[in-house]
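This report refers to the structure that appears directly beneath it.
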Amino acid sequence: MSTLVGVGGLAPKNIHEAETSLTSGKKRVKRRHRWTEHEKRNTRIGLLFISPWIIGFCVFMIYPIVYSTVISFTRYSGMNNPEYIGLQNYKSAFTDPLTAKSVENTLIYAAMAVPIGLVVALLLAFAMNKNVREVALYRTALYIPSLVPAFALSFIFIVFTNPTMGLFNIFLGWFGVPNSNLLGDPMTAKVVMVVMAQLGAGNAALIYLAGLHNIPGTLYESARVDGAGPIRQFFSITLPLLTPTILFNLITGISGALQIFTQSFIMTNGGPDNGTLFYMLYLYNNAFGYAQLGYASAMALLLFVFGIILAYFVYWISQKFVNYDVSAD
Numbered sequence: 001m002s003t004l005v006g007v008g009g010l011a012p013k014n015i016h017e018a019e020t021s022l023t024s025g026k027k028r029v030k031r032r033h034r035w036t037e038h039e040k041r042n043t044r045i046g047l048l049f050i051s052p053w054i055i056g057f058c059v060f061m062i063y064p065i066v067y068s069t070v071i072s073f074t075r076y077s078g079m080n081n082p083e084y085i086g087l088q089n090y091k092s093a094f095t096d097p098l099t100a101k102s103v104e105n106t107l108i109y110a111a112m113a114v115p116i117g118l119v120v121a122l123l124l125a126f127a128m129n130k131n132v133r134e135v136a137l138y139r140t141a142l143y144i145p146s147l148v149p150a151f152a153l154s155f156i157f158i159v160f161t162n163p164t165m166g167l168f169n170i171f172l173g174w175f176g177v178p179n180s181n182l183l184g185d186p187m188t189a190k191v192v193m194v195v196m197a198q199l200g201a202g203n204a205a206l207i208y209l210a211g212l213h214n215i216p217g218t219l220y221e222s223a224r225v226d227g228a229g230p231i232r233q234f235f236s237i238t239l240p241l242l243t244p245t246i247l248f249n250l251i252t253g254i255s256g257a258l259q260i261f262t263q264s265f266i267m268t269n270g271g272p273d274n275g276t277l278f279y280m281l282y283l284y285n286n287a288f289g290y291a292q293l294g295y296a297s298a299m300a301l302l303l304f305v306f307g308i309i310l311a312y313f314v315y316w317i318s319q320k321f322v323n324y325d326v327s328a329d
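For the sequence shown, UniProt numbering gives the first residue as 1, with consecutive numbering after it.
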């Protein structure tokens, strides 16, 4: 049974149909909104303004994902016609020892770079948040390293860590420490790249700074009245209310760590002993070094799926510690 009913507060011309039905003893009301000419015109104008983004998203995101998915089921070198081979590329990805090594290197790098990056960015944000006259100058100085391209930083660190004339070894030489080839050891090479990553912490620091400004100052005033010191204020007010910002920086940090490429490509080319052969570098080598575009596409799709699963897991875990109950005063 259905009955047309009027709805208070809405003009009759905006209501095309109001249907009431009884289901399990409860009344359900279904409304269908009829768009006015003004709303249709605004929608057309809005779509027209965002059409460049929509076109770009379809061309540079949707199409590559679909094309890569199709290619991942083929043997394709880029020169011949793709040959359908089913799931062979995916089977090879799970049995290839170099793929396993690249996954291991990437996860080790992410486990070191992401937590350290969160802490370094937070410290930079506190430094930028100081109420001093030259604060704008300090913020600029702290942010400048984030503007240096990764390939330029890579060349700088190659010179910096040079085993014979690098500044690092010269500094250690003052204390009697013998020269060492940091990029010649698999573990220390990864550590060098983790240190390099911290020079780009300025972007995350700016996001932290916005989060700090969003915390009501009245909370700190009340805490001081109650006798809470700076440490207690940090752990009871600042850190809990920054958790949404921490979550955002955590997600973007993980995404960036999983896609590390430039540093290892320029500084070590995956060496020594495949110690810096990260997943994206091995994917690149397969695609453009070994002409295995089908296999590289399968690796790219696996990384895409792994990233989605990891992001979902982080969001699921975040429900236990992220606090959204904050508003600027």
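For glycine and all other residues, C-beta sits at the position ideal for the given N, C-alpha and C.
Buried or exposed by the 16-neighbour rule on C-beta atoms within 10 Å, applied to residue i
i: V225; result: exposed
i: K91; result: exposed
i: F157; result: buried
i: T74; result: buried
i: Y312; result: exposed
i: G294; result: buried
i: G147; result: What sits at residue 147 in the sequence shown is Leu, not Gly. Answer is exposed; the Cβ neighbour count stays below 16.
i: A141; result: exposed
i: L209; result: buried
i: V305; result: exposed
i: M165; result: exposed
i: N80; result: exposed
i: R139; result: buried
i: G176; result: exposed
i: L22; result: Residue placement at L22 cannot be trusted, given a pLDDT of 44 that sits under 50; what the coordinates show is reported in the next sentence. With fewer than 16 other Cβ atoms within 10 Å, it is exposed.
i: Q319; result: exposed
i: G78; result: exposed
i: residue 330; result: Summary: the structure shown does not reach residue 330, with the chain confined to residues 1 through 329, and so no result is reported for it.
i: G211; result: buried
i: V119; result: exposed
Three-way DSSP call (helix, strand, coil) for residue i in this model
i: Y208; result: helix
i: Y138; result: helix
i: R44; result: helix
i: R224; result: helix
i: T106; result: helix
i: Y143; result: helix
i: Y84; result: strand
i: T276; result: coil
i: T74; result: strand
Distance, residue j Cα to residue i Cα
i: F221; j: F126; result: Checking the sequence, you will find Glu at residue 221 rather than Phe. The straight-line gap from Cα to Cα measures roughly 18 Å.
i: Y279; j: L239; result: 33 Å
i: E83; j: N179; result: 52 Å
i: L47; j: E37; result: 15 Å
i: Y76; j: V59; result: 22 Å
i: M128; j: P186; result: 35 Å
i: P230; j: N131; result: 16 Å
i: I62; j: S72; result: 15 Å
i: H213; j: L241; result: 11 Å
i: L247; j: R34; result: 40 Å
i: L124; j: F235; result: 18 Å
i: T218; j: L250; result: 28 Å
i: L302; j: Q198; result: 27 Å
i: A201; j: L137; result: 17 Å
i: A257; j: W174; result: 34 Å
i: F151; j: V70; result: 32 Å
i: L122; j: P145; result: 16 Å
i: F171; j: Y109; result: 26 Å
i: F155; j: I266; result: 8 Å
i: L167; j: F261; result: 25 Å
i: M196; j: T161; result: 12 Å
i: N286; j: T43; result: 45 Å
i: A100; j: Q259; result: 16 Å
i: N89; j: D325; result: 47 Å
i: T243; j: G289; result: 43 Å
i: T245; j: K40; result: 37 Å
i: V314; j: Y67; result: 29 Å
i: A204; j: I317; result: 21 Å
Supposed close pair residue i, residue j - CB separation, criterion 8 Å
i: T268; j: L183; result: 6 Å
i: M299; j: A93; result: 6 Å
i: L207; j: I237; result: According to the sequence provided, residue 207 is Ile. The question's Leu does not apply to it. Their Cβ separation, rounded to whole angstroms, is 19 Å, which puts I207 and I237 out of contact at 8 Å.
i: G253; j: G117; result: 5 Å
i: N274; j: L98; result: 7 Å
i: L283; j: A296; result: 5 Å
i: S264; j: L281; result: 5 Å
i: A189; j: P272; result: 7 Å
Check: residue i C-beta below 7 Å from any heavy atom of the ligand GTP
i: Y67; result: Of the ligands one can find in the structure shown there are none, so the ligand GTP has no counterpart to examine.
In chain order, which continuous runs of the alpha helix (DSSP H) of length 4 or greater are located wholly inside the stretch 223-263? Runs of the alpha helix (DSSP H) inside the stretch 223-263: 230-233 and 243-258.
Start-end ranges of the alpha helix (DSSP H) lying completely within the stretch 172-199, minimum 4 residues: If one requires a minimum length of 4 residues, the alpha helix (DSSP H) runs lying completely within the stretch 172-199 are 186-198, in chain order.
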